[in-house]
Amino acid sequence: MSRHVYARLIWAPILYLALSLGVAVFIFLRNSLYTSAGFGSIVATVSASNFQKLVSDSYYAEVLGETILVSFIVVVISACLSLPIALYLRHFSTARARIYLVIVVASSAMSLVVRALGWISIMNDNGPINGLLKALHLIETPIAMIGTNGAIITGLVHGFVPVFVLTLFPVTQAIDRSVEQAAEGLGASRWQTLFTVLIPLSMPGLVSASLITFAMCMGAYTTPALLAGGKAMLFPILIQQQAMVVLNYPMAATLAFVLTIIVLGITWSSLAAARYFEPKEAR
Amino acid sequence: MSGYLSRVLTAFAVAGALFAGNAQAQEFAGKTLKVATFGGSWQEWVKANVEPKFKAATGANVEYISGFPMKHLTSLISFKGQAAPFDVVELSDDVTYEALKQDLLQTGLDMALIPNAQYLPEPWRNMDNAGPAYFVVLQGVIYDADKFKAANIDAPKSWDDLANPALAGHVALPDVSFTYRPIYAAIDAEKTGDQANFKGSLDWVSSIKNPVIYGDAPTLQTRFGGGEIWAVVGAAGYLQRLSAKSPNLRFVMFPGPGKTQGIGALGQVRIVKNSPNAKLAHYWINTFLDTEVQVSLAQKIGFAPANINAAKTAAQDPKLAPLVMSDASGLEKLFQADWSKLNPVLPDWIDRWNRAVRR
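If you're matching them up, the sequences are chains Y and G in order. Under the working numbering, the residue at position 82 of the first sequence is numbered 82, and the numbers go up by one with no gaps. Count along the second sequence from 1, add 1000, and you get the number used in the working numbering.
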């Protein structure tokens, strides 16, 4: 097919994505300007009261900051765990690498709830982690892990490493083995080859995978809700409370709108930063 | 002669019942009743115990829509003024209050089609003219008697006993956004005289050392299975669910505000406004109140039957006796939340809970 045909075909998915995002953002914005009259009733008079509440109460900024921090840590850990996997898979034939890839992805095929409940079993006071630490005489009383951001990060990393690897895999596969061999032939150590050749060449995949993982983390609800153990708070949990417990749809829309804008803003500025630091010859 | 007459009358009665059943089966044949239910293991119980009797009586089919009561309320609000998304809905009493307030439920039921309602305490037969309650969730503390004994802790006799430092990290409390707000309302009423102010119960929550907070049954079961929880503040029904892990569980309720002897929340099954199957829905409700069904409710789920005959039967089992109220006077002594006061302050409660507990 010619490039001209692709250009025509691409309008359909772009239109679909733009409409779905645009319509959602528009609905969030419109509802965020209304006020709640309690339990699902909406007063359709335009007002900025929900945004005023968000701005005037530092609690919301704290929760948003915590959500961004948790998502950022998940991205960093996922990158550190995924990059070695993606680079290692380069050493196998495509067919064999795909088999290993399926094994990596299989761990994410499990239901989110089952996965989170599994982590609860592992991290509870009498679970294997506390059991091991006690057996090694490193602790006397169990460490309370559930209900901490650490537990949430652990659960999210488990869920997102396969996504990260999948996104990174095509980029690392495309790195020519001869580039690596040339670097080593010119006297670069394995670590030098990794940091000066392989990681820079993997950067487009790392940026894409990081942004996808970050966006998904910012909106993740099930895993944080279960592993928060009723004690930690992230933005999606706040949204769920407003939408499904209090039925304050305008406030839920306001929070969702703010979250969407923040994610879009961080994504856009990350892409801009990546483009800025990209070598000129690669642009 | 009287024996002969009795047999003839019985034969007539059986024939009449069969004829009536057959007539209903003809009237409702091919129809499907859409039931919005709590889902999960509860739905399995409904399918196994309520559906067969309902089908036998009406010949109609049943389709289930699973979800929490609040989710069902959301659907009803979304479909207001349109065709009902389901015919019957299972609700907790806080959500029933809101649904009635927003005119989402049918009122003026034909109680002649729900004859089993006669076995309920009078106030529960036709609440707000919208139908009967169908079970009572007794709320209190489920505790592991073996673990309490091993730690040399006396059985709890009041809410404050759970603040014992020896129970640090071993007491599970329901998240305020979960279904057990009547517990916090009762504690508020007892400690401050006002069930809606939330200060009394928040102070009490902060007196519990490192509590486990649960917002759903599977998480509670998983953490209880891990052995870290010795006492659960919640519904009596958990006794059934959790006993597989700890055979010596006990359920206690504490004297509450006024002369109340415990806390009770009512499960309610209601007909949705504009349901095209409203008459069929009456039969569903009647089947739910059937004595045999209600006994099974206590045995399998651990909820107290609203049907007094069923409660009396269940109470004969020593294991079930603490979970049911077998006389109407006992039921009337339960603290029941005033949703006209509690529902308007729910956003405030959740906000204060988030800042105090979800730090």
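Glycine residues also receive a C-beta, built at the ideal position from the N, C-alpha and C atoms.
With a cutoff of 8 Å on beta-carbon distance, Y/Thr-254 and Y/Ser-41 are scored as not near each other.
The stretch 1296–1305 of chain G makes contact with the stretch 1239–1251 of chain G: 3 or more CB pairs, one atom from each, lie closer than 8 Å.
Around Y/Ser-121, the beta-carbon contacts reaching into chain G at under 8 Å are Thr-1222, Gly-1225 and Gly-1226.
Under the DSSP assignment, G/Glu-1228 falls outside any beta strand (DSSP E); it carries neither an H nor an E label. By the neighbour-count criterion, in which 16 or more other beta carbons inside 10 Å mark a residue as buried, Y/Gln-241 falls on the buried side. For Y/Ala-79 and Y/Val-157, the gap between their C-alpha atoms comes out near 10 Å. Selection G/Asn-1061, G/Ala-1083, G/Trp-1042 and G/Gly-1040 evaluated against G/Glu-1027 yields G/Asn-1061 as nearest (Cα-Cα). Judged by beta-carbon spacing, Y/Thr-223 lies within the 8 Å limit of Y/Ile-152, meaning their Cβ atoms are closer than that value. The continuous alpha helix (DSSP H) containing G/Lys-1147 extends over residues 1145–1150. At the C-beta level, G/Gly-1227 and Y/Ala-144 stay beyond 8 Å of one another. Closer than 9 Å at the C-beta level to chain G, one finds these residues of the stretch 33–63 of chain Y: Ser-36, Gly-38, Phe-39, Gly-40, Ser-41, Tyr-59 and Val-63. The alpha-carbon of G/Pro-1257 is positioned some 5 Å away from that of G/Glu-1190. Counting along the chain, G/Phe-1251 sits inside the beta strand (DSSP E) bounded by residues 1249–1252.
Listed along chain G, the residues sitting closer than 7 Å to Y/Met-233 by beta-carbon distance are Asn-1354 and Arg-1358.
Put simply, the CB of Y/Met-244 is near chain G, with a gap under 8 Å to one of its CB atoms. A Cβ-Cβ separation of about 4 Å places G/Trp-1339 in contact with G/Tyr-1097 under the 8 Å criterion. Secondary structure of Y/Leu-132 (DSSP, three-state): helix.
Each residue's CA atom was taken as its position, placing Y/Cys-217 and Y/Tyr-60 some 18 Å apart. Residue contact with chain G for Y/Gln-181: absent (no Cβ-Cβ distance below 8 Å to any residue of chain G).
In terms of Cα proximity to G/Phe-1068, the closest of G/Trp-1042, G/Gln-1221 and G/Pro-1211 is G/Trp-1042. Residue range 1278–1288 is occupied by the alpha helix (DSSP H) that includes G/Tyr-1283. For G/Asn-1061, the enclosing beta strand (DSSP E) has its first and last residue at 1061–1066. The beta carbon of G/Ala-1172 lies closer than 8 Å to those of Pro-1211, Val-1212, Ile-1213, Tyr-1214, Leu-1220, Arg-1223, Phe-1224, Ile-1229, Ala-1231, Val-1232, Val-1233 and Gly-1234 in the same chain, with the five residues before and after it left out. DSSP assignment within the stretch 63–92 of chain Y yields no whole beta strand (DSSP E) run of 3 residues or more. G/Leu-1105 sits buried, since 16 or more C-beta atoms from the chains shown fall within 10 Å of its C-beta. Selection G/Phe-1251, G/Thr-1287, G/Lys-1259 and G/Pro-1318 evaluated against G/Ala-1145 yields G/Phe-1251 as nearest (Cα-Cα). Inter-residue distance for Y/Ala-272 and Y/Ser-208 is about 13 Å (C-alpha atoms, whole angstroms). Across the stretch 249–278 of chain Y, no CB contact with chain G closer than 8 Å is found for any residue. With contacts defined as CB atoms closer than 8 Å, Y/Val-76 and Y/Pro-162 fail to qualify as a contacting pair. CA-to-CA, the gap between G/Ile-1263 and Y/Thr-260 works out to about 43 Å.
Contact check between the stretch 61–72 of chain Y and the stretch 228–241 of chain Y: three or more CB pairs, one atom from each, fall below 8 Å, which counts as touching. With distances taken between CA atoms, G/Ser-1177 lies nearest to Y/Val-245 out of Y/His-137, Y/Arg-275, Y/Ser-36 and Y/Val-245. Proximity of G/Thr-1219 to chain Y, defined by a Cβ-Cβ separation below 8 Å, is satisfied. The Cβ neighbour count for G/Asp-1188, taken over all protein chains shown within 10 Å, is at least 16; the residue is labelled buried.
Listed along chain G, the residues sitting closer than 7 Å to Y/Asn-124 by beta-carbon distance are Arg-1223, Gly-1226 and Glu-1228. Y/Gly-127 has a beta carbon lying within less than 8 Å of a beta carbon in chain G.
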